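Quick note, the sequence shown lines up with residues 38 to 460 if you use our numbering.
The C-beta atom is built at its ideal place from N, Cα and C for all residues, glycine as well.
Here the structure is a predicted model, which is why all the values come from computation and not from measurement.
To keep things clear, I will list the structure first and then write my remarks on it.
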Amino acid sequence: MRAQRVFRTPWSENALFALMAMRAQKLRSFLTLLGVMAGVATVIMMVSFVVGFNNSVTAAFTTFGTYLVQFQKYEPRFGGPGGPPEEERNRRDLTIEDAKALKRLSKLVAAVSTERYRFQNVVVKAGRAEANTPLLLGANPDYAPANTHFVQDGRFLSDADLTHASHVCVIGTDVADALFPHADPIDQELTVNGVAYRVVGLFEKKGAFLGGGSNDNFVAIPITAFDEQFPEIKNGGGDTIHIATVPRRAEDYEALIEEETAIMRTRRHLKPNEPNDFAIFTSAGQLQAFRQITGGVAAAMVVIAGIALLVGGVGVMNIMLVNVTQRTREIGLRKALGATRRDIATQFLVEAVTLTSVGGAMGIGLGLGAALLARILFDFAAAAPPWSVLLGFGVSTTVGLLFGLWPALRAARQDPIEALRYE
């Protein structure tokens with residue numbers, strides 16, 4: 038027993054021997070660790086990019102209304118040729134009367150915003166200055182609370198503006214900077230396609246949505262004035278009306294969707310077995326859709342990382358088997374002096390884990406570097422939480438345990454007499 042204790046090498050010494058061997062054979066060790074490095078780096082990058090993207094999406098939807106429930110004619114989609122399908126084009130238009138019914142009949146709703154948009158052929162000028170193709174919005178006073186988009190100066194549209202179809206407007210900061218760069222925009226006059234409007238309010242800055250176009254480059258006018266100036270959109274020449282609503286309380290969000298859907302179905306005389314002939318856009322639903330996309334990307338990257346780790350693990354197993362062969366006489370000598378099978382197996386297993394841990398550390402460094410580079414070059418909020426670093430070390434250690442086990446057992450089963458005879 039005393040001899041066994043003398044020749045039993047501590048884990049720390051086994052790890053030190055492994056590091057010394059790696060230093061002596063730098064190229065072979067580096068090539069062996071490439072797979073582990075690539076796999077762990079992919080894991081870190083995947084976590085960083087997915088977490089960063091999810092945080093950006095969540096922040097964007099929070100800014101633009103976390104509990105928004107919007108009714109519209111067409112289903113929300115991300116572009117695509119041909120426009121909406123025929124079934125959606127044949128749907129009846131939503132109307133201002135539908136919005137009034139939701140406001141009157143819903144017990145859970147806090148605001149009902151009627152919105153109409155003109156995306157193209159909008160010319161907004163003030164003197165010789167011209168805004169850069171802004172979006173034109175026809176809205177009612179509930180637009181601000183429904184979309185969590187308030188004014189920072191002046192006021193928003195009022196019920197009186199709506200009743201009288203007043204030629205007043207609230208503009209975004211991009212429009213203000215383009216038309217009135219050196220003046221207070223409030224009470225200034227601008228023209229929308231040649232029709233004069235007085236600026237009564239300036240929207241707070243929203244910024245871009247998910248790195249896309251600016252959400253500050255638009256002009257809001259009363260929806261009644263919008264319909265007077267652009268009757269072709271009201272009469273079916275566009276995406277008809279959008280009805281945006283929010284609940285009084287956050288906990289009533291799901292109940293609001295059910296209540297308002299029932300009101301809309303009743304107004305449109307739909308039978309219980311008939312599908313909705315209108316679209317429901319919810320910020321929570323879109324957020325979930327984005328997260329499903331990132332989940333799919335993450336799954337694909339997990340497969341890639343798994344392949345890289347498998348290749349790296351095979352490389353580690355190969356080099357450990359070579360080490361066992363090269364150190365056969367050493368194994369025989371240690372056994373002859375009292376080392377047990379457990380001692381030999383532990384020695385080679387610790388060496389394998391040390392090898393993959395070094396590769397894991399290098400992979401973590403590469404992954405964190407890629408995340409930092411994305412933040413600097415693309416202003417993308419890639420974020421590597423502490424648990425992702427622990428995950429990287431855990432993955433690399435697991436690879437060492439799994440693929441170092443067979444070489445360690447093979448070394449432990451060596452017959453000491455035959456091992457001492459090995460040349």
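Point to revise | Residues of its chain near alanine 163, where Cβ-Cβ distance is below 6 angstroms and the 5 sequence neighbours each way are ignored | key: The residue labelled residue 163 in the question sits at position 126 within the sequence shown. So the qualifying residues of the chain are Leu216 and Leu227.
Point to revise | Inter-residue spacing [alpha-carbon to alpha-carbon] between phenylalanine 318 and aspartate 135 | key: Numbered from 1 along the sequence shown, position 281 holds the residue referred to as residue 318. Numbered from 1 along the sequence shown, position 98 holds the residue referred to as residue 135. Their Cα atoms are separated by approximately 16 angstroms.
Review point. Residue ranges of each alpha helix (DSSP H) run of no fewer than 4 residues wholly in the segment 361-410, ordered along the chain?
Key: 365-373
Check your understanding: Relative to the C-alpha of proline 444, which residue among Ile208, Ala408 and Thr362 is closest?
Key -> In the sequence shown, residue 444 corresponds to position 407, counting from 1. The option with the nearest alpha carbon to proline 444 is Thr362.
Exercise for review: Go ahead and label glutamine 157 buried or exposed: buried means 16 or more other beta carbons lie within 10 angstroms of its beta carbon, across all protein chains shown.
Suggested key: For the purposes of this step, residue 157 is taken as residue 120 along the sequence shown, with counting starting at 1. Classification of glutamine 157: exposed, given that the 10 Å Cβ count is below 16.
Point to revise | Strand pairing of glutamine 109, partner residues [DSSP] | key: Numbered from its first residue, the sequence shown carries residue 109 at position 72. Per DSSP, Ala316.
Check your understanding: Where threonine 383 and alanine 398 are concerned, what is the direct C-alpha to C-alpha distance, given to the nearest angstrom?
Key -> Numbered from 1 along the sequence shown, position 346 holds the residue referred to as residue 383. Numbered from 1 along the sequence shown, position 361 holds the residue referred to as residue 398. Cα-Cα distance, rounded: 22 angstroms.
Review point. Quick one: what does DSSP say proline 259 is sitting in, helix, strand or coil?
Key: Residue numbering aside, residue 259 sits at position 222 when the sequence shown is read from its first letter. The answer is strand: DSSP assigns proline 259 an E or B state.
Exercise for review: Pick out the complete beta strand (DSSP E) segments inside the segment 136-172, 3 residues or longer, and give them in chain order.
Suggested key: 146-155 and 161-163
Check your understanding: Taking C-beta to C-beta, are valine 159 and threonine 170 nearer than 8 angstroms?
Key -> Here residue 159 refers to the residue found at position 122 of the sequence shown. Here residue 170 refers to the residue found at position 133 of the sequence shown. Contact flag set, yes.
Point to revise | For methionine 338 and valine 236, the rounded distance between their alpha carbons | key: One-based indexing of the sequence shown puts residue 236 at position 199. One-based indexing of the sequence shown puts residue 338 at position 301. Near 51 angstroms, if we compare the C-alpha coordinates of methionine 338 and valine 236.
**Study point:** Unbroken alpha helix (DSSP H) run spanning glutamate 295, endpoints
**Key:** If you number the sequence shown from 1, residue 295 lands on position 258. Element bounds for glutamate 295: 290-304.
Review point. Are leucine 392 and glycine 437 close, meaning C-beta to C-beta below 8 angstroms?
Key: For the purposes of this step, residue 392 is taken as the residue at position 355 of the sequence shown. For the purposes of this step, residue 437 is taken as the residue at position 400 of the sequence shown. Yes, Cβ-Cβ distance for leucine 392 and glycine 437 is below 8 angstroms.
**Study point:** Rounded C-alpha distance that separates alanine 420 from glutamate 388
**Key:** Numbered from 1 along the sequence shown, position 383 holds the residue referred to as residue 420. Numbered from 1 along the sequence shown, position 351 holds the residue referred to as residue 388. Straight-line Cα distance between these residues: approximately 32 angstroms.
Point to revise | Inter-residue Cα distance where the pair is alanine 166 and proline 218 | key: Your numbering for residue 166 matches position 129 in the sequence shown. Your numbering for residue 218 matches position 181 in the sequence shown. When rounded, the distance between both Cα atoms is 10 angstroms.
Exercise for review: Give every residue of the same chain whose Cβ lies closer than 8 angstroms to the Cβ of isoleucine 381, excluding the five residues on either side of it in the sequence, and list them in chain order.
Suggested key: The count along the sequence shown starts at 1 and reaches residue 381 at position 344. Result list for isoleucine 381: Ile368, Arg371, Lys372, Ala445, Ala448, Ala449 and Gln451, in chain order.
Practice item. Within the same chain, show all residues whose beta-carbon is closer than 6 angstroms to that of leucine 403, passing over the 5 residues directly before and after it, in chain order. Key: Looking up residue 403 in the sequence shown gives position 366. Correct list, in chain order: Ala78.
**Study point:** Limits of the beta strand (DSSP E) - the one that tyrosine 180 falls within
**Key:** Counting from one through the sequence shown, the residue named residue 180 turns up at place 143. No beta strand (DSSP E) contains tyrosine 180, which is instead part of the alpha helix (DSSP H) from 180-183.
Review point. Based on the DSSP secondary-structure assignment, which residues constitute the bridge partners of glutamate 226?
Key: Indexing the sequence shown from 1 puts residue 226 at position 189. Its beta-bridge partners are Arg235.
Review point. What did DSSP end up calling phenylalanine 90 once you bin it into helix, strand or coil?
Key: Locating residue 90 in the sequence shown gives position 53, where the first residue counts as 1. Helix.
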